[in-house]
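Asker: Please find one structure pasted underneath; my questions will follow.
4 protein chains.
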Amino acid sequence: MIRTELRVIYGDTDQMGVVYYANYLRYFEAGRNEYIRAHGLRYRDFEERFGLRLPVAEASVSYRIPARYDDVIAVETSMAELRRASARFGYRILRGDEVLATGHTVHACVDLEGRVRRMPQELVERLAGSVAGGAPGEE
Amino acid sequence: MIRTELRVIYGDTDQMGVVYYANYLRYFEAGRNEYIRAHGLRYRDFEERFGLRLPVAEASVSYRIPARYDDVIAVETSMAELRRASARFGYRILRGDEVLATGHTVHACVDLEGRVRRMPQELVERLAGSVAGGAPGEE
Amino acid sequence: MIRTELRVIYGDTDQMGVVYYANYLRYFEAGRNEYIRAHGLRYRDFEERFGLRLPVAEASVSYRIPARYDDVIAVETSMAELRRASARFGYRILRGDEVLATGHTVHACVDLEGRVRRMPQELVERLAGSVAGGAPGEE
Amino acid sequence: MIRTELRVIYGDTDQMGVVYYANYLRYFEAGRNEYIRAHGLRYRDFEERFGLRLPVAEASVSYRIPARYDDVIAVETSMAELRRASARFGYRILRGDEVLATGHTVHACVDLEGRVRRMPQELVERLAGSVAGGAPGEE
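Residue numbers (our numbering), protein chains in the order written: chain A, 1 to 139; chain B, 1001 to 1139; chain C, 2001 to 2139; chain D, 3001 to 3139.
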């Protein structure tokens, strides 16, 4: 599990005084980026090294407690399931100990022409593996 | 079912050249607003006339074909389920005949202090009813 | 001058109950797209037919009266100045007769490698010209 | 001058492969929040303690070098001018040593009914002053 901290800005809120519901998917993305980076990969590697993309096929969010302006929130991202040609990330958004929202995204593994492809072994090992401390290629 | 047309702008896309995944929830919202308006209500009525809010409790999207810059897309919004204290909207996003994405949102019915409330009969009838042609209060 | 109508959604507002200040630049973009389309061009033509791009070099907004949720607003877009290698668009955002905001954007004319280029005569004539009723290539 | 670091996410980019122009105003806001916090204030204090708001009256951005996905950028925020009833913030966005963009925002000082008000002395001193290490009320 990888933890990313973010601060809610005004631009994230709506006039109900809470974070607009679509923005949780932005937070999930920030968490997913960090997960990938922490495992020694960069998103651009998928394309450059593997000739692959991982477009989102499915996303869902369950909203429990609204996040508010100026909150420092944490996104906890984990790999929920890794299959031959898809990956499922799970997310929890917290403020301190409170769980504000949970959700997941499912990503298909496709080549640059959009055809579904088996995920290469190296990628599987990277994504499923434990966190790569100072992995090469990581910033 | 209520149909809303939108044009995709640059600001909706990401560097993969397609609409960013979170923005489908913005399109769903535009469709939901139009659905509510077409049934003779305005969102502010919930609060002003009924003392109620309908915060999103759950949202999900299934992505099939990416929407692109300058596409004219249609959001088809329908009431999928109306319960004592919640409502579920269903959405389809189309480009011409192609279904680009589907999804739903679930909304809790709460009062201004956030307590779950039974939906008033008038609201149920409005939301479930057929489209209100020139309903009073509609713009 | 080209006029584009838009409806403000919840996702455009912030917790002050008004449209978030960055979103006016989204509205300007929607107006600019419509301006370009009304003159018989599509944004993708710049790249495909002319090998050019028009990245934003400068943007400014003057905010007078806040736009609010559910407002129908109009973006009036005009070509303020067309120079050898740049174009300046002017914008007004209105709600009915009220001017809510004004602003402009300046765009450099560059080739696909990012070098500044003189704007081709055809492009100048298109952009400066009067609106192309049913111009070829227009949707 | 206050420095805030941010990482660019996919959702910030557009299909030109660079950060969408409106999002620089989001970055400015993140920098402004941090500036205010570093001077011992929170945005909500304006309303709660002083009965005032600082809505944006003007914003402008000058774009030099595009920010890209996954970049770590720094927003440098400073108080450019503090007048009787308005404040002007200046911003620079950097990636390493490169200045990617500069800009400013002007904010009017108004009361909760929207009338222009003189800025209270305490607020002036706070905003103009040097950074408040561990000021009370700060998180």
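By construction, the Cβ of each residue, glycine as well, lies at the ideal position given by its N, Cα and C atoms.
Which of the three DSSP states is assigned to Gly1133 of chain B in this structure?
Answerer: In this prediction, Gly1133 of chain B has a pLDDT of 49, which is less than 50 and means its spatial position is unreliable; what the coordinates show is noted afterwards. Residue state, collapsed to three classes: coil.
Asker: Is the beta carbon of Ala1080 of chain B less than 8 Å from the beta carbon of Gly1090 of chain B?
Answerer: yes
Asker: In this structure, what does DSSP give as the bridge partners for His107 of chain A?
Answerer: In DSSP, His107 of chain A forms a bridge with A:Val56, A:Ala87.
Asker: DSSP three-state call for Tyr63 of chain A: helix, strand or coil?
Answerer: strand
Asker: I want to verify the contact list: residues of chain A whose CB lies under 7 Å from the CB of Asp2070 of chain C, in sequence order.
Answerer: Residues of chain A passing the Cβ test: none, with the nearest at roughly 10 Å.
Asker: Taking Cβ positions only, does Arg2044 of chain C come closer than 8 Å to chain D?
Answerer: no
Asker: Leaving out five residues on either side along the sequence, give the residues of the same chain with a beta carbon under 8 Å from the beta carbon of Val3116 of chain D.
Answerer: Ala3085, Ala3108, Cys3109, Val3110
Asker: Considering only the beta carbon of each residue, do Val2075 of chain C and Phe2028 of chain C sit closer than 8 Å?
Answerer: yes
Asker: For Val116 of chain A, would you say it is in contact with chain B, using Cβ-to-Cβ distances shorter than 8 Å as the test?
Answerer: no
Asker: At a CB-CB cut-off below 7 Å, which residues of chain A make contact with Arg3026 of chain D?
Answerer: Ordered by position in chain A, the residues that pass the 7 Å Cβ test against Arg3026 of chain D are Ile9, Gly11.
Asker: Thinking Ala3057 of chain D and Tyr2069 of chain C are a contact (beta carbons under 8 Å), I'd like their distance in whole angstroms, please.
Answerer: 21 Å between Cβ atoms; not a contact.
Asker: By how many angstroms is the C-alpha of Gly3017 of chain D removed from the C-alpha of Arg2088 of chain C?
Answerer: 23 Å
Asker: Determine, using beta carbons only, whether Arg2026 of chain C and Ala3022 of chain D come nearer to each other than 8 Å.
Answerer: It is a contact, given that the beta carbons lie within the stated cut-off.
Asker: With a cut-off of 8 Å on the beta carbons, I'd call Arg2044 of chain C and Ile2036 of chain C a contact; round off their distance for me.
Answerer: Contact between Arg2044 of chain C and Ile2036 of chain C does not hold, since the beta-carbon distance rounds to 10 Å and is not under 8 Å.
Asker: Roughly how many whole angstroms lie between the Cα atoms of His1104 of chain B and Gly2114 of chain C?
Answerer: Roughly 42 Å between the two C-alpha positions.
Asker: Put Thr2113 of chain C into one of helix, strand or coil per three-state DSSP.
Answerer: In the sequence as presented, Thr is not what sits at residue 2113 of chain C; that position holds Glu. Residue state, collapsed to three classes: coil.
Asker: How big is the Cα-Cα spacing for Leu1052 of chain B and Leu1123 of chain B?
Answerer: 10 Å
Asker: Can you tell which of C:His2039, C:Ile2065, C:Arg2007, C:Asp2012 has its C-alpha closest to the C-alpha of Ala2101 of chain C?
Answerer: C:Ile2065
Asker: Using a Cβ-Cβ cut-off of 8 Å (strictly less than) and excluding sequence neighbours within five positions of Gln1121 of chain B, which residues of its own chain qualify?
Answerer: none
Asker: Between which two residues does the alpha helix (DSSP H) carrying Leu123 of chain A extend?
Answerer: 121 to 128 is the span of the alpha helix (DSSP H), which, as asked, contains Leu123 of chain A.
Asker: Mind pulling the alpha helix (DSSP H) runs of 4 or more residues that sit fully within the stretch 2017 to 2054 of chain C?
Answerer: 2023 to 2038, 2043 to 2050
Asker: Return the first residue and the last residue of the beta strand (DSSP E) that Thr3077 of chain D is part of.
Answerer: DSSP places Thr3077 of chain D inside the beta strand (DSSP E), whose first and last residues are 3072 to 3082.
Asker: Let me see if you follow: with CB-CB separation under 8 Å, is Glu3029 of chain D close to chain A or not?
Answerer: yes
Asker: Does DSSP classify Glu2139 of chain C as helix, strand or coil?
Answerer: Low per-residue confidence applies at Glu2139 of chain C: pLDDT is 37, beneath 50, and the placement is therefore not dependable, though the value from the model is reported in the following sentence. Here Glu2139 of chain C sits in coil by DSSP.
Asker: Nearest chain B C-beta to Glu34 of chain A closer than 8 Å, yes or no?
Answerer: no
Asker: What is the C-beta distance between Met3001 of chain D and Ser3060 of chain D, in whole angstroms, given that I count them as a contact (C-beta under 8 Å)?
Answerer: That pair is no contact at about 19 Å.
Asker: For Gly3011 of chain D and Tyr20 of chain A, I'd like the C-alpha separation in whole angstroms.
Answerer: 15 Å
Asker: Using a Cβ cut-off of 9 Å, pull out every chain C residue sitting near Glu3098 of chain D, in sequence order please.
Answerer: For the C-beta of Glu3098 of chain D, not a single chain C residue is nearer than 9 Å; the gap to the nearest is close to 15 Å.
Asker: Buried or exposed, going by whether 16 or more other CB atoms sit within 10 Å of the CB of Leu1112 of chain B?
Answerer: Counting of Cβ neighbours within 10 angstroms places Leu1112 of chain B among the exposed residues, the total staying below 16.
Asker: When we look at the beta-carbon of Val1008 of chain B and count the other beta-carbons within 10 Å, is it buried (16 or more) or exposed?
Answerer: It is buried - the Cβ of Val1008 of chain B has at least 16 other Cβ atoms within 10 Å.
Asker: With a cut-off of 8 Å on the beta carbons, I'd call Thr2013 of chain C and Asp14 of chain A a contact; round off their distance for me.
Answerer: 5 Å
Asker: Evaluate Gly1134 of chain B with the Cβ neighbour count: other Cβ atoms within 10 Å of its Cβ, from every protein chain shown; 16 or more gives buried, anything less gives exposed.
Answerer: Note that Gly1134 of chain B scores 43 on pLDDT, short of 50, meaning its location in the model is unreliable; the coordinates nonetheless yield the value given after this. Result: exposed.
Asker: Relative to the C-alpha of Ser3130 of chain D, which residue among D:Ala3030, D:Met3119, D:His3039 is closest?
Answerer: D:His3039
Asker: Just to confirm the assignment, what range does the beta strand (DSSP E) spanning Arg3003 of chain D have?
Answerer: Its beta strand (DSSP E) spans residues 3002 to 3007.
Asker: At a CB-CB cut-off below 8 Å, which residues of chain C make contact with Ser3086 of chain D?
Answerer: Going along chain C, no residue has its Cβ under 8 Å from Ser3086 of chain D, so there is no contact; the nearest lies around 13 Å.
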